[in-house]
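Residue numbers (the UniProt record's numbering): 1 to 458.
Heads up, the beta-carbon is just placed ideally off N, CA and C, and yes, glycines get one too.
Below is one structure, written out as structure tokens; comments come after it.
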């Protein structure tokens, strides 16, 4: 696929890294020549130095025969104009734009589409990150919670702790111990190395375990791997920017929420717009303020400012003062692995959250969802099976008959409103949503080919 990426920032660069390794023809446009040279030295891609929305830059990038344009510059307006130019001058079939400004998103049906700005897919990083954090708050103890089939099934990552009923036992014990709940352990990361589990695989303490189950069964399965944490009640949010404000608005009806914001004018705006959130003017790294607001009784401290260092320092202080769980927004990918699992319980990468949404529209075949896992080390995707046994490599076949690439497992199948956990004798039918887990992303192309309807297969 020939893809033009506009913007060589952290999202654009990470996306180029993902796609270049999958035999796509990638061109990146940016005004930062040094950043482009760094990407070109590291990746097999083309680069164009110039304004992303200028016709000459797009033409130089090969827009006349491009399959897709992905606009992820730091400017909403540049992204939108580039999509307009891409349609008017070059007729690029698929145009994806990152749009951050809430004012645009509130009126998206009027602004975008066939009669407006020709953006086929809108990506809002702030909304994606907000939903990601909200799911983590809903499942105390989870490291990652991912929705499939509109939330009917969920893939959850947890760290196995000493004392969990399944720790020290074979995975096959789970079925006999919980006969009324169906689940599948899709993958295990042990000391950062991936494992595809089998029935006789023994769960060890500190394993990072990815399991899939119907939404209603998630808490029960989590309790087998770790002591089930009590539900969260008290939340402190540090930072009243787009993400902090969205998160407060979405959870204030269910939790006791306090929001700390340094800017007084912004505080007044938040106090007016939020209904049940206590808005505090001050610094999240002010020890006296945190103590005064009973940080020792706080269940979750979320550091969500735009400053990585400020987020890390505020989180470390909150944890030292007694906050039960700290979640920290970190834009710099180099920091994420350094801090997670130490004082900071969960490091949140907006880039990885955004890239998953973008990859959903890049994958070949009918792909309903893609999630980037372990900071890009693995991937989970929801592919829709089409055809019959003669035209498809998967439809009409039992899971044990499907020639899955190494490092790939099928975790579950969504059939209508029913979640079917994958077992070897389960037969895939037309229109099934198949949830796959890949620990080796180099095999993506092979998985895509499995779900392409083609010539007769025997």
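The C-alpha of residue 7 is placed about 30 Å away from the C-alpha of residue 344. Distance from the CA atom of residue 444 to the CA atom of residue 276, rounded to whole angstroms, is 45 Å. When beta bridges are read from the DSSP output, residue 101 appears opposite no residue. Proximity to residue 248 across 106, 264, 230, 270 peaks at 270, based on C-alpha coordinates.
Closest option to residue 31, judged by alpha-carbon separation, among 49, 198, 18: 49. The shortest CA-to-CA distance from residue 40 to any of 447, 234, 16, 220 is the one to 16. Taken through DSSP and simplified to helix, strand or coil, residue 127 comes out as helix. The shortest CA-to-CA distance from residue 139 to any of 127, 197, 125, 154 is the one to 154. When DSSP assignments are scanned along the segment 349-437, the uninterrupted stretches of beta strand (DSSP E) that are 3 or more residues long and fall wholly within it turn out to be 367-373, 378-384, 408-415, 418-421. Restricting attention to 185, 11, 294, 89, the CA atom closest to the CA of residue 160 is found in 185. In the three-state DSSP reduction, residue 321 falls in the coil class, being neither helix nor strand.
Secondary structure note for residue 443: it is in no alpha helix (DSSP H), with a DSSP letter that is neither H nor E. By the neighbour-count criterion, in which 16 or more other beta carbons inside 10 Å mark a residue as buried, residue 125 falls on the buried side. For residue 332, same chain residues with a beta-carbon under 6 Å away, outside a window of 5 residues either side, are 308 in chain order. Rounded to whole angstroms, the separation of the alpha carbons of residue 13 and residue 43 is 10 Å.
Exclusion of the five residues before and after residue 219 leaves no residue of its chain whose Cβ lies closer than 6 Å to its Cβ.
Counting of Cβ neighbours within 10 angstroms places residue 246 among the buried residues, the total reaching 16 or more.
For residue 66, no beta strand (DSSP E) run applies, since DSSP gives it neither H nor E. Contact between residue 28 and residue 45 holds: CB atoms are separated by about 6 Å, below the 8 Å threshold. Checking the DSSP bridge columns, you'll see residue 281 partnered with 261.
Contact between residue 358 and residue 96 holds: CB atoms are separated by about 7 Å, below the 8 Å threshold. Within the model, the alpha-carbon separation for residue 57 versus residue 22 is close to 25 Å. A straight line joining the alpha-carbon of residue 424 with that of residue 197 spans about 14 Å. Positions of the alpha helix (DSSP H) runs, each at least 4 residues long and wholly inside the segment 156-196, are given as 173-177 in order along the chain. Spanning the alpha carbons of residue 393 and residue 293 requires a straight line of approximately 59 Å.
With respect to residue 413, residue 431 sits apart: the two C-beta atoms are not nearer than 8 Å. In this structure, the beta-carbon distance from residue 137 to residue 300 falls below 8 Å.
Relative to residue 352, the option among 33, 132, 35, 76 whose CA is nearest is 132. Inside the UniProt domain "RCK N-terminal" (1-123), DSSP marks whole alpha helix (DSSP H) runs of 4 or more residues at positions 10-20, 33-42, 55-60, 76-90, 102-106, 108-111, from first to last along the chain. A distance below 8 Å separates the beta carbons of residue 187 and residue 194. In the displayed model, residue 224 falls within a helix according to three-state DSSP. Beta bridge pairing from DSSP links residue 327 with 302, 346. The beta-carbon distance between residue 348 and residue 329, rounded to whole angstroms, is 5 Å. This is short enough to meet the 8 Å contact definition.
Taking every protein chain shown into account, the CB of residue 141 has 16 or more other CB atoms within 10 angstroms, so this residue is buried.
Taking a cut-off of 8 Å on C-beta distances, the segment 115-130 does not touch the segment 161-179, as fewer than three cross pairs fall below it. Scanning 279, 256, 215 for the CA closest to the CA of residue 297 turns up 256.
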